[in-house]
Amino acid sequence: MTPPLASLPLGAAFVAFALVSAWAVGLVARFAVRWPSPGQRLPSTALRAAVVFAPAVLGAVGCAALALPNPLVGCHCAEHGLHHPHLCALHLVFALPLVTPSAYLVGAWLALVAPGVLRLVRDAIASARWTRAVRRLPAVALDGVAVRLADCGAPTAFTIGALSPVIVVDRVLFRSLSDEERRAVVHHERAHVERRDGLTLLALRLCVSLFPGPAGQRLVEAWRAAAEQSCDRHAAGKLGDPTAVAAALVAVEKIRAQGSRRAALPAHAMGALAGNDLSRRVLALLEVNTLPQRTEPRLANDVLATAIVAASALLLTFVWPGDGFHHAIETLIGHLIH
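For the sequence shown, counting from 1, position 47 maps to 46 in numbering that gives the first Met the number 0; every step adds exactly one.
Below is the structure:
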């Protein structure tokens with residue numbers, strides 16, 4: 000048995016930690032997380048994204064603690080004896096008894112997540128084709144923001160593209176809006192571009208596909224709702240009048256309601272249309288208008304913010320907790336195996 004094969008238990012440990020975390024987070028979200036009432040501001044988008052990324056982060060932290068609990072003291076296998084299998088990055092041969100059960104666990108996980116991952120890949124390819132197609136369209140500039148006007152077949156506006164996002168507005172919708180309403184829509188979409196929300200949405204969907212839980216899609220939709228409100232506030236700051244953005248949302252919704260067709264956006268598109276969330280977004284904007292001092296939200300990327308927190312947690316795991324947690328999990332695994 001080769002040492003690389005003996006490292007399979009570490010991968011299985013990551014999968015197990017992440018799956019358990021996904022179900023724990025999903026159950027908490029299902030029974031504890033409630034949609035705010037209309038007019039109540041949603042939690043920050045970074046916090047919403049962190050909840051979705053929690054399974055992967057906790058899995059990585061737990062697996063790091065199992066692999067090498069404290070590099071400052073070296074291997075501890077001799078101290079604990081060989082009465083149960085060991086997970087040690089320095090002596091992978093001690094994990095050989097775990098290879099077979101780990102292979103079953105990883106195989107079952109791959110079979111579970113394969114349909115969702117394939118669906119995600121299909122959606123990503125379709126979105127990439129959308130992006131290439133609209134990028135070839137001539138651009139018009141509004142307040143210095145490049146906008147592609149397209150015949151979408153329905154009144155819609157959205158931002159598409161993970162790495163190099165593009166703003167698209169339906170040609171009929173663009174002509175139907177007033178200048179102020181156009182500016183509100185365009186600055187809202189510009190906020191999606193600066194926040195790189197397309198990249199965040201792709202990463203969130205990937206996390207939910209790899210570590211499915213009972214409320215994964217609901218958590219992603221909660222992040223999207225918070226992101227839309229954040230972009231609304233950015234547009235309000237650019238126009239200097241939150242009521243103008245609220246009026247633009249209502250105007251777009253009226254035009255959309257009068258149309259005979261509904262917009263079919265790509266899976267990774269971030270749209271400005273309010274839909275069923277119209278009342279909450281309008282009331283949130285009116286609340287912003289009553290604040291004594293209005294400030295635009297920071298347009299930071301939520302993936303980057305979460306990655307910084309995850310890296311800090313991993314660093315802390317390597318230098319602080321010692322081998323107590325590591326040995327407790329090893330003992331539990333030994334009882335399960337034997």
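Every residue gets a Cβ at the ideal spot worked out from N, C-alpha and C, and that includes glycine.
Three-state secondary structure (DSSP) of Leu176:
Residue 176 sits at position 177 when you count from the first residue of the sequence shown. Three-state result, Leu176: coil.
Separation of Ala221 from His186, as counted between CA atoms:
Position 187 of the sequence shown holds residue 186. Position 222 of the sequence shown holds residue 221. Approximately 22 Å between the Cα atoms of the pair.
Look at the Cβ atom of Ala17, then the Cβ atom of Ala49, and state whether they are nearer than 8 Å.
Working through the sequence shown from its first residue, we reach residue 17 at position 18. Working through the sequence shown from its first residue, we reach residue 49 at position 50. In this structure, Ala49 does not lie closer than 8 Å to Ala17 by Cβ.
Using the Cβ count rule (16 or more neighbours within 10 Å means buried), how would you classify Glu286?
As a working mapping, residue 286 is identified with position 287 in the sequence shown. Counting Cβ neighbours within 10 Å, Glu286 comes out exposed, since fewer than 16 surround it.
Per-residue DSSP class, three states only, for Phe157:
Taking the sequence shown and counting its residues from 1, the one referred to as residue 157 is at position 158. Three-state DSSP puts Phe157 in a strand.
Cα-Cα separation, Phe13 to Thr330:
Here residue 13 refers to the residue found at position 14 of the sequence shown. Here residue 330 refers to the residue found at position 331 of the sequence shown. Looking at the two C-alpha atoms, the distance is approximately 17 Å.
DSSP state of Leu109 mapped onto helix, strand, coil
As a working note, residue 109 is residue 110 in the sequence shown. In this structure, Leu109 counts as helix in the three-state DSSP scheme.
Thr305: buried (16+ other C-beta within 10 angstroms of its C-beta) or exposed?
Start at 1 with the first residue of the sequence shown, and residue 305 comes out as number 306. Buried is the call here.
Is Pro37 helix, strand or coil by DSSP?
On the sequence shown, position 38 is the one that residue 37 refers to. Confidence in Pro37 is poor, its pLDDT being 45 and thus under 50, which makes the residue's placement too unreliable to answer from.
Using only alpha-carbon positions, find the residue among Ala23, Thr199, Glu227 and Leu97 that is nearest to Val244.
For the purposes of this step, residue 244 is taken as residue 245 along the sequence shown, with counting starting at 1. Comparing Cα positions, the closest option is Glu227.
Residues in its own chain within less than 6 Å of Cys206 by CB, not counting five upstream and five downstream?
Along the sequence shown, read from residue 1 onward, the residue named residue 206 stands at position 207. Here the set comprises Val51, Phe52 and Ala55.
Answer with buried or exposed for Gly58, where buried requires no fewer than 16 other C-beta atoms within 10 angstroms of its C-beta.
To locate residue 58, count along the sequence shown from 1; it is residue 59. With 16 or more Cβ atoms within 10 Å of its Cβ, Gly58 is classed as buried.
Taking contact to mean 3 or more Cβ pairs, one atom from each stretch, closer than 8 Å, check whether the segment 128-147 and the segment 164-175 are in contact.
yes
Just confirm the distance between the C-beta atoms of Ala250 and Glu180, as a whole number of angstroms; I'd bet it's less than 8 Å.
The residue given as residue 250 occupies position 251 in the sequence shown. The residue given as residue 180 occupies position 181 in the sequence shown. 5 Å between Cβ atoms; contact.
Under a three-way DSSP split, which group does Arg118 fall into?
As a first step, residue 118 must be located in the sequence shown, where it is residue number 119. Arg118 falls in the helix class under three-state DSSP.
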